[in-house]
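Residue numbers (our numbering): -17 to 455.
Right under this line is the structure:
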């Protein structure tokens, strides 16, 4: 906005009056900087005067104050102001207390605000120049510090209580009405999954090293870490194994030959003997690893279900895990939908991008989408092309999931087929379908399904009406 002066210090003439808008927990206040006081024009002097009420009262004076009528009224205004919106209360307050400029002439005052969004909104609404700079912020800090002294019948205790109550209410409303609150479960789940993968791998290796002192041959026979932990938990002391244990070993390994091999190895193992006390600790640790692996499996099922409900098209296109990582890195599904395809393509490779820009090297071709199977299946020459095409489809799928209802993964399935066709085109030269034709076919399918569903619902309603009529007769 041309009238919003941004973060730069004001270069207007000294005749310009500066008004300070202060949004408090008790109400809206408008302060005027006293032009006769030279302290108000220098940042160092302002900072010194803020701490002393006697000096600060010579720098600014209260021009108007409008208290909030209730706690709900205060919360409504604070939520709107935090989002950079001008409420009716704020609009009426400024119209009543700011000087009115003559028609055709510019105003001879500016309004100092603490937030650039609010400053832009006020400038667009009233055509009033707003500014935010170091001096304005210091003056508002002094107003916040000495605010109860400027307002009659406002004690420090009431002021603190109002701030505390509004702070709790504001935080509660932000948490409850967060537009991205559904995405938070996906973000936390994928972060926990990645952490569990690292921890389970570390713990499983520790079980291997620990139990290998007693039964070293088991490490060569069983490669899977979780299966090894289950076997260590079952076998305990290798001398307890017998031919009767083979069916249970087969159940744990899902392999009859391995079960027999474990039994044969236990009879001639070169491992050292171990005490019962050591076995108890190894068994407890192995149980924890198995439980963590089971929890990780259940968490993966939960994440797949959440992604199918929240981002069905993105999940159908690129998979639940990669889609969840994209959402987590962007912060929310809405943020991911707002990103251009070029940003989605290198999302997760920011360090490599800035390093390439700094050293003037080659920029990365892909970020998190590299974990998709499409990139691995493409040839070396076509990896950049398919990553660009896939990022384009991911951006479209995220926007469909974020801003539309009822798609139920249909677009994602068709876009996945488009990526497959594009891969086939690079390999064989067969031309893929046009995107316009694919989107039209999906829309026609959805319309046909919705029409059939509406007709079915209409038939059910007619049957209910007939039943009700017959019962009345």
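Quick reminder that beta carbons are idealized off the backbone N, C-alpha and C, glycines included.
Roughly how many whole angstroms lie between the Cα atoms of residue i and residue j?
{"i": "residue 22", "j": "residue 80", "result": "Bear in mind that the predicted position of residue 22 carries a pLDDT of just 43, short of 50, making it too unreliable to give a figure here."}
{"i": "residue 59", "j": "residue 300", "result": "42 Å"}
{"i": "residue 183", "j": "residue 207", "result": "8 Å"}
{"i": "residue 426", "j": "residue 319", "result": "24 Å"}
{"i": "residue 27", "j": "residue 112", "result": "22 Å"}
{"i": "residue 38", "j": "residue 14", "result": "12 Å"}
{"i": "residue 128", "j": "residue 117", "result": "17 Å"}
{"i": "residue 34", "j": "residue 149", "result": "27 Å"}
{"i": "residue 4", "j": "residue 99", "result": "15 Å"}
{"i": "residue 337", "j": "residue 365", "result": "21 Å"}
{"i": "residue 19", "j": "residue 40", "result": "Residue confidence for residue 19 is low, a pLDDT of 46 falling below 50, so the modelled location carries little weight and cannot support an answer."}
{"i": "residue 291", "j": "residue 370", "result": "26 Å"}
{"i": "residue 287", "j": "residue 192", "result": "37 Å"}
{"i": "residue 332", "j": "residue 74", "result": "46 Å"}
{"i": "residue 51", "j": "residue 315", "result": "37 Å"}
{"i": "residue 178", "j": "residue 114", "result": "46 Å"}
{"i": "residue -8", "j": "residue 91", "result": "Bear in mind that a pLDDT of 43 at residue -8, under 50, signals an unreliable position, so the model cannot answer this."}
{"i": "residue 103", "j": "residue 70", "result": "13 Å"}
{"i": "residue 400", "j": "residue 429", "result": "21 Å"}
{"i": "residue 423", "j": "residue 413", "result": "18 Å"}
{"i": "residue 211", "j": "residue 223", "result": "16 Å"}
{"i": "residue 7", "j": "residue 101", "result": "19 Å"}
{"i": "residue 108", "j": "residue 119", "result": "22 Å"}
{"i": "residue 97", "j": "residue 105", "result": "12 Å"}
{"i": "residue 275", "j": "residue 313", "result": "27 Å"}
{"i": "residue 458", "j": "residue 387", "result": "This structure does not reach residue 458, given that the chain is present from -17 up to 455, and the question cannot be answered."}
{"i": "residue 295", "j": "residue 308", "result": "13 Å"}
{"i": "residue 67", "j": "residue 360", "result": "49 Å"}
{"i": "residue 124", "j": "residue 76", "result": "21 Å"}
Using alpha carbons as the reference points, say which of the options lies closest to residue i.
{"i": "residue 94", "options": "1, 132 and 380", "result": "1"}
{"i": "residue 46", "options": "11, 25 and 63", "result": "11"}
{"i": "residue 396", "options": "385, 379, 139 and -1", "result": "379"}
{"i": "residue 265", "options": "332, 216 and 37", "result": "216"}
{"i": "residue 87", "options": "110, 186 and 309", "result": "110"}
{"i": "residue -2", "options": "83, 250 and 50", "result": "83"}
{"i": "residue 345", "options": "354, 305, 330 and 6", "result": "330"}
{"i": "residue 188", "options": "267, 115, 71 and 91", "result": "267"}
{"i": "residue 154", "options": "351, 276 and 54", "result": "54"}
{"i": "residue 384", "options": "106, 74, 135 and 164", "result": "164"}
{"i": "residue 31", "options": "202, 121 and 43", "result": "121"}
{"i": "residue 306", "options": "151, 74 and 166", "result": "166"}
{"i": "residue 152", "options": "65, 313, 136 and 180", "result": "65"}
{"i": "residue 464", "options": "138, 284 and 25", "result": "There is no way to answer for residue 464, as the model of the chain reaches only from -17 to 455."}
{"i": "residue 48", "options": "134, 62 and 204", "result": "134"}
{"i": "residue 327", "options": "310, 410, 374 and 431", "result": "374"}
{"i": "residue 242", "options": "123, 226 and 255", "result": "226"}
{"i": "residue 147", "options": "275, 56, 214 and 42", "result": "56"}
{"i": "residue 269", "options": "186, 105 and 89", "result": "186"}
{"i": "residue 367", "options": "405, 340, 136 and 140", "result": "405"}
Just verifying my parser: in three-state terms, what is the DSSP assignment at residue i?
{"i": "residue 127", "result": "helix"}
{"i": "residue 1", "result": "strand"}
{"i": "residue 321", "result": "coil"}
{"i": "residue 372", "result": "helix"}
{"i": "residue 197", "result": "coil"}
{"i": "residue 34", "result": "coil"}
{"i": "residue 15", "result": "strand"}
{"i": "residue 394", "result": "helix"}
{"i": "residue 330", "result": "coil"}
{"i": "residue 528", "result": "Outside the shown range of the chain, which is -17 to 455, sits residue 528, and nothing can be said about it."}
{"i": "residue 9", "result": "strand"}
Those runs of the alpha helix (DSSP H) which lie wholly inside the stretch 40 to 100 and span at least 4 residues: 53 to 64 and 70 to 79
Segment contact, 8 Å Cβ cut-off, at least three pairs: the stretch 168 to 185 with the stretch 218 to 238: no
Segment contact flag, the stretch 319 to 329 with the stretch 415 to 429, C-beta cutoff 8 Å, min 3 pairs: no
Inter-stretch contact at 8 Å, needing at least 3 Cβ pairs: the stretch 300 to 311 / the stretch 353 to 368: yes
Meets three-Cβ-pair contact criterion under 8 Å: the stretch 194 to 201 and the stretch 244 to 263: Three or more Cβ pairs closer than 8 Å define a contact, and the stretch 194 to 201 meets that threshold against the stretch 244 to 263.
Validate contact between the stretch 277 to 287 and the stretch 121 to 141 using beta carbons, cut 8 Å, 3 pairs: Contact fails: fewer than three Cβ-Cβ distances are below 8 Å.
Runs of alpha helix (DSSP H) lying entirely within the stretch 189 to 269, each at least 4 residues, in chain order: 199 to 203, 207 to 217, 228 to 235 and 238 to 249
Within the stretch 338 to 369, ranges of the alpha helix (DSSP H) (whole runs, at least 4 residues): 355 to 359
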